[in-house]
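Okay, structure first, notes after.
Chains as they are written, first to last, in this note's numbering: chain X, 3 to 336; chain R, 2 to 393.
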């Protein structure tokens, strides 16, 4: 079984999931992103790496933040960008995913950024496209959201450069979360020694410990002495029903408040992939507080997406950067 | 027409024959195995030196996609596949479109199949109308039309009162129920075994408990009603254990496993290989070993192909949206022989689980080389690697 993400020489061909990628490639993306952080601060926020290339944002599932950041990233690389909300067009007319893709290939797209509600959709497209076309998974079902996982690690690395010495807790709906799966794989691959998940049993997948995490059901216990708290979004439709009794009860047991935050290390950072449900999984005081790095996550998301696209289609060689950049102070961009 | 097949190695599990013998056929019937009948003069002599002769295979579950799903497969294409795979008799589940719950539909299917002159088709009628699990179908009428048993295909009866009545009614007439054990609420929207692989791939799981719970209900009601029940496509270690215990207890039950589940596990899904989107889902290595052990010790009676042809487009979709099923008619024999080789099971026993045992479950003729039976047979060339060449 060949790794569908790598070419024969072991270079990144598609970015479909963090799982299965070697540490070297993750570091290559993170280091490349480092060099793109500065681009946004220039007067002309553009580099010509993808000039003449067409990037196609193919969103079968709605998204604002991810689509926008991919769009900005592609534009800063000088690519031509088309964004399609397919959920509202062809799919409703009965066209299959691959028919939609074939039509865009006929229009000479060079890269697809794909989001779909079903796990494995990006793999399906990657298997289908001709070799010169690259696929970036922007979220498939519960499976994977690799650029989110990467931007989260990038953010962590900014504030806590020594990944080998961290204790990190991921809190909330791990069961339905592609973000959590990507974060877990990214953190364990990069050598974070202790990754915890904290959630009620109804929101954890079967045998989650096989992903290499420590399982906690009690938030107070799980947050103790952690360096990083990564909160997950709770979808509205799961707030009451057979998974959870109510959003109020969830907030009491698993919501992140100032009080619970005190159990973590004093310099712990708080992250959230957005969009947040204030008062459900996170208290506004914490979301906007000085330990929150939620907005820097968004900023770094653009650099990460630029790095991924540049490596895939910009002919960027593997970079060996030694400097990781100086760690900023928490809340710097908030 | 009189045929003599000489020098072949005859495997006939029902009659416990496993030796080099000649087979004599006259007017489409087997007239002798071993010594030539008196005055037998063959019109044709087939030399089967180095070849194995066994009864034509009997498959407990093969979808022919007619009526209704001719886009996926045609009766003629599937029956050709059956014969090419050595399958001379097969049972087809009732989940066609329309559902096989009307005697007229069954008669038409039987008639169309007979016209092809290929494999014998034995329809399983719908146990409940439209497979809705509410009202019983006309079982006696359907039997008269040619049904050999009643099935719910992959649809569960959620109302235990209905299941109970269905078993009582079937038991009244001695009809066999073919049931797939899967508790529908636990399995809802599930597409893979609820375990490590589903967790990694972000697929909704079907827990093993879904089989155990449904099985517990079915076995308990079977015990109360005395119905004859065949469990289709067992998939878990726990399920094997439950059937083993029920058989020990003396229940009138039998069961099968699909050839896929003897060879594949959840890990074969790999990177979302939609060909492995099956019902029941592929489970763990431990389950696979338990199924194999159950088949060896007779807890599991037979192997079926669970042949379910799906058109290419329906598989070119994200895993959960890809249609369930895989073709299997032409793989039943090679996969059975591969299993036998790997597990060091005798050819006699392995062939028995796809001939005599399945014929017995269906209560149909065939699956053996007894005198006066139809000369449905299969000549193959077994190799020590488990590979074989099928001769026509």
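Idealized CB from N, CA, C, for every residue including glycine. These figures come from a predicted structure and were not determined experimentally.
Query                                                                                                                                             : Result
Simplified DSSP state of residue 19 of chain X, which is helix, strand or coil                                                                    : coil
Residue 194 of chain X beta carbon near the ligand NAP (any heavy atom closer than 7 Å)                                                           : For the structure depicted, the ligand NAP is absent and the ligand set is empty, with no information on it obtainable.
Where residue 204 of chain R meets chain X, residues with beta-carbon distance less than 7 Å                                                      : 121
Min CB distance residue 196 of chain R to chain X below 8 Å                                                                                       : yes
Pick from X:211, X:168 and X:144 that is closest to residue 321 of chain R, judged by C-alpha positions                                           : X:144
Residue 159 of chain X versus residue 116 of chain X: straight-line alpha-carbon distance, rounded                                                : 27 Å
Nearest-angstrom beta carbon gap, residue 233 of chain R and residue 288 of chain R [assumed within contact, 8 Å]                                 : That belief does not hold up - the Cβ atoms of residue 288 of chain R and residue 233 of chain R are roughly 16 Å apart, past 8 Å.
Touching by the beta-carbon criterion (3+ pairs, under 8 Å), the stretch 197-207 of chain R and the stretch 201-210 of chain X                    : yes
Helix, strand or coil at residue 244 of chain X according to DSSP, with G and I counted as helix                                                  : coil
Cβ neighbour criterion (16 or more within 10 Å) applied to residue 104 of chain R                                                                 : buried
Contact with chain A by residue 210 of chain X, beta-carbon distance below 8 Å                                                                    : This model lacks chain A altogether; the protein chains it does include are X and R.
Residue 116 of chain R classed as buried or exposed, judged by whether at least 16 other C-beta atoms fall within 10 angstroms                    : exposed
Contacts around residue 189 of chain X, its chain only, beta-carbon distance under 7 Å, and the 5 residues preceding and following it disregarded : 155, 170 and 197
Buried versus exposed call for residue 46 of chain X [16 or more other C-beta atoms within 10 Å across all chains shown]                          : exposed
Cutoff 8 Å: residue 316 of chain X Cβ touching any chain R Cβ                                                                                     : no
Residues, ordered as in the chain, of the stretch 13-31 of chain X that lie near chain R by beta-carbon distance below 7 Å                        : 21
Residues within the stretch 225-249 of chain X neighbouring chain R, beta-carbon criterion of under 7 Å                                           : none
Simplified DSSP assignment, three categories, for residue 271 of chain R                                                                          : coil
Top-ranked residue by Cα proximity to residue 179 of chain R, from R:188, R:257 and R:213                                                         : R:257
Contact belief for residue 114 of chain X with residue 135 of chain X at Cβ below 8 Å, rounded distance in angstroms                              : 7 Å
Rounded separation between residue 24 of chain X and residue 78 of chain R - CA only                                                              : 46 Å
Chain R contact residues for residue 125 of chain X, given Cβ-Cβ distances below 7 Å                                                              : 272 and 273
Best match in R:58, R:22, R:31 and R:6 for proximity to residue 372 of chain R [C-alpha to C-alpha]                                               : R:31
For residue 224 of chain X and residue 389 of chain R, the rounded distance between their alpha carbons                                           : Interpretation of residue 389 of chain R is limited by its pLDDT of 49, a score under 50 that renders its predicted location unreliable; the figure taken from the coordinates is listed afterwards. Roughly 58 Å separates the two Cα atoms.
Environment of residue 382 of chain R [buried if 16+ CB atoms lie within 10 Å]                                                                    : exposed
Ordered list of beta strand (DSSP E) runs contained in the stretch 203-274 of chain R, each at least 3 residues                                   : 229-233 and 254-259
Stretch pair the stretch 54-65 of chain R + the stretch 268-283 of chain R: three plus CB contacts closer than 8 Å                                : no
Chain R contact for residue 89 of chain X (CB, 8 Å cutoff)                                                                                        : no
Buried versus exposed call for residue 72 of chain R [16 or more other C-beta atoms within 10 Å across all chains shown]                          : exposed
Whole runs of the alpha helix (DSSP H) within the stretch 276-325 of chain X, excluding any shorter than 4 residues                               : 286-289 and 296-315
Residue interval of the alpha helix (DSSP H) (run including residue 28 of chain X)                                                                : 25-39
Segment contact, 8 Å Cβ cut-off, at least three pairs: the stretch 93-113 of chain X with the stretch 258-268 of chain X                          : no
Within-8 Å CB hit, residue 85 of chain X to chain R                                                                                               : no
Separation of residue 306 of chain R from residue 293 of chain R, as counted between CA atoms                                                     : 15 Å
Neighbour flag for residue 393 of chain R against chain X, beta carbons, 8 Å                                                                      : Any reading at residue 393 of chain R needs caution, since the residue's pLDDT is 40, under 50, leaving its predicted position unreliable; the model's value is listed next. So no, residue 393 of chain R is outside the interface.
Between the CA atoms of residue 278 of chain R and residue 265 of chain R - distance to the nearest angstrom                                      : 11 Å
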